[in-house]
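Top to bottom, those sequences are chains A and B.
Just so we're aligned, residue 179 is where the first sequence starts under this note's numbering, counting upward by one.
Just so we're aligned, residue 36 is where the second sequence starts under this note's numbering, counting upward by one.
Have a look at the structure below, then the notes.
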Amino acid sequence: MEQQYNLLSTENIAKVKNLLASMEAGDLEKSQDYFDELAEMRESELYQEIGKLTRELHDSINTFGLDDRLTDIAEDEIPDARQRLAHVITMTDEAANNTLTAVEESMPLCEQVLNATRSVENEWQRFSNRELNINEFKKLSKELKSYFEINSNSAAKINEHLNKVLMAQGFQDLTSQIIKRVISLVEEVEISMVNIIQLAGSRPNKSNKTGNSEKLDGPVVPGLEQSSTVSGQDEVDDLLSSLGF
Amino acid sequence: MAIDKKMKILIVDDFSTMRRIIKNLLRDLGFTNTEEADDGTTALPMLQTGKFDFLVTDWNMPGMQGIDLLKHVRADDKLASMPVLMVTAEQKREQIVEAAQAGVNGYIVKPFTAQTLKEKLDKIFERIEG
């Protein structure tokens, strides 16, 4: 099925002779035809060679058992991981918002309790010192009743909010599980990529990072080394003060 | 001179949760007059209305980033003297230096505490008055 490419075949020599003859005769149309014929022949040889190489590469990848697995990863698992990570964002967003809402709603309740306490505190002190007359005592007694009401209502509501905060923390468990799965997928892809690179005959070049230097790094993840970063607010302050801040 | 707790503060961050956290922390410190924007592109026209006295901004945001917002503020005659506090997860030395050179008044790295926010605000006001 493969043609042995023989440049010096009598057929080729005849074609070249034809080309030369028509060129010398000044026949442009014929010259063009012969020329195209030769070029075409050369091209088809090239395509066959590329086809052969492609087949060999495909066979080699198959031998390594990577092909199907990589197809699965590319077709299903990467989109799946993307969805999972998007879900992590949704969950953390919900948890943060639920917590913040509960805190925001609790703050005025605490304020209410504080204000109510302050308003009865003085009178209570006077009562303890036996300084209150009967009418003042009646008034205090009324105030205390409302104070107890405010306190128990606020405490019940604050407790409700605290429970919401508690429940919102459930995201941590769920998101870690999802992230762990994505990490193991990334590991698998990494191993496959290294195998393919080795198959292709070149070694992964660790130092050859073509990252955009303008790119922002974002939060420093513990254990991931990032060059020339500060390790916290104290170092930021030191650096700024060294700049005259 | 006491700090004017009624000053209007613009909080710029692309994450609404972070904006809420900063807003609540500021309220706890007595600053109740705050507004929010989700990136520099939204923030700049708000600032240009002249209603704001103080800017708290993140760095890494879609649209216009915090560092560019800072540069725009410093380049605008009407806004140039506005105090700007950067609250960001960016911790590279050259970035902190870049922010300082662009004229930032304070730089806080995330995650941060209420105490850090208070200290940096106090320091900024101290310098403004001093």
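Glycine residues also receive a C-beta, built at the ideal position from the N, C-alpha and C atoms.
How about residue i: is its C-beta nearer than 9 Å to some C-beta of chain A?
i, result
"residue 145 of chain B", "yes"
"residue 151 of chain B", "yes"
"residue 83 of chain B", "no"
"residue 131 of chain B", "yes"
"residue 135 of chain B", "yes"
"residue 163 of chain B", "no"
Checking contacts by CB at 9 Å: is residue i closer than that to chain B?
i, result
"residue 397 of chain A", "yes"
"residue 360 of chain A", "no"
"residue 411 of chain A", "yes"
"residue 292 of chain A", "no"
"residue 238 of chain A", "no"
"residue 266 of chain A", "no"
"residue 172 of chain A", "Look at the range of chain A in this structure, 179 to 423, and you will see that residue 172 of chain A is not part of it."
"residue 407 of chain A", "yes"
"residue 305 of chain A", "no"
"residue 285 of chain A", "yes"
"residue 263 of chain A", "no"
"residue 414 of chain A", "yes"
"residue 224 of chain A", "no"
"residue 310 of chain A", "no"
"residue 418 of chain A", "yes"
"residue 423 of chain A", "yes"
"residue 394 of chain A", "yes"
Report the partner residues of residue i according to the DSSP bridge assignment.
i, result
"residue 316 of chain A", "Answer is none; residue 316 of chain A lacks a bridge partner."
"residue 90 of chain B", "B:45 and B:119"
"residue 143 of chain B", "B:122"
"residue 70 of chain B", "B:45"
"residue 127 of chain B", "A:407"
Pop quiz: residue i and residue j are said to be a contact at Cβ under 8 Å. What is the actual Cβ separation, rounded to whole angstroms?
i, j, result
"residue 353 of chain A", "residue 266 of chain A", "5 Å"
"residue 253 of chain A", "residue 363 of chain A", "The Cβ separation is near 13 Å, so there is no contact."
"residue 356 of chain A", "residue 262 of chain A", "5 Å"
"residue 93 of chain B", "residue 101 of chain B", "5 Å"
"residue 95 of chain B", "residue 123 of chain B", "7 Å"
"residue 99 of chain B", "residue 74 of chain B", "6 Å"
"residue 145 of chain B", "residue 397 of chain A", "7 Å"
"residue 166 of chain B", "residue 81 of chain B", "The structure shown does not extend to residue 166 of chain B, since chain B spans only 36 to 165, so no value can be given for it."
"residue 273 of chain A", "residue 326 of chain A", "Their Cβ separation, rounded to whole angstroms, is 35 Å, which puts residue 273 of chain A and residue 326 of chain A out of contact at 8 Å."
"residue 90 of chain B", "residue 152 of chain B", "That pair is no contact at about 14 Å."
Please name the residue in the options whose C-alpha comes closest to that of residue i.
i, options, result
"residue 40 of chain B", "B:150, B:159, B:62 and B:148", "B:62"
"residue 76 of chain B", "B:53, B:51, B:103 and B:70", "B:103"
"residue 376 of chain A", "A:336, A:238 and A:314", "A:238"
"residue 293 of chain A", "A:324, A:204, A:251 and A:195", "A:324"
"residue 193 of chain A", "A:205, A:209 and A:204", "A:209"
"residue 347 of chain A", "A:269, A:358, A:260 and A:218", "A:269"
"residue 470 of chain A", "A:216, A:248 and A:198", "This structure cannot settle anything about residue 470 of chain A, because the visible part of chain A is limited to 179 through 423."
"residue 413 of chain A", "B:131, B:119 and B:105", "B:131"
"residue 420 of chain A", "B:135, B:113, B:68 and B:47", "B:135"
"residue 330 of chain A", "A:297, A:290 and A:302", "A:290"
"residue 288 of chain A", "A:335, A:257 and A:188", "A:335"
"residue 109 of chain B", "B:147, B:138, B:43 and B:125", "B:138"
"residue 185 of chain A", "A:219, A:284 and A:196", "A:219"
Got a sec: is the Cβ-Cβ distance from residue i to anything in chain D below 9 Å?
i, result
"residue 216 of chain A", "Of the protein chains in this structure, namely A and B, none is chain D."
Check: Between the region 46-71 of chain B and chain A, which residues of the former have a C-beta closer than 9 Å to a C-beta of the latter?
Finding: Residues passing the 9 Å Cβ filter: 50, 51, 52, 53, 55, 56, 59, 62 and 63.
Note to self: Under 8 Å, CB to CB, which of the residues in the region 272-283 of chain A have a partner in chain B?
What the structure shows: Within the region 272-283 of chain A, 274, 275, 278, 281 and 282 place their CB atoms closer than 8 Å to a CB of chain B, listed in sequence order.
Next item on the list: Taking only beta carbons into account, state which residues of the region 105-127 of chain B come closer than 8 Å to chain A, listed in chain order.
Entry: Going along the region 105-127 of chain B in chain order, one finds 124, 125, 126 and 127 with a Cβ nearer than 8 Å to chain A.
Notebook entry, point to check: Using a Cβ cut-off of 9 Å, which residues of the region 324-355 of chain A contact any Cβ in chain B, in chain order?
Noted result: Considering only beta carbons, no part of the region 324-355 of chain A lies closer than 9 Å to chain B.
Notebook entry, point to check: Listed from N- to C-terminal order along the chain, which residues in the region 367-380 of chain A have their beta-carbon within a distance smaller than 8 Å of any beta-carbon of chain B?
Noted result: Correct list: empty, as no residue qualifies.
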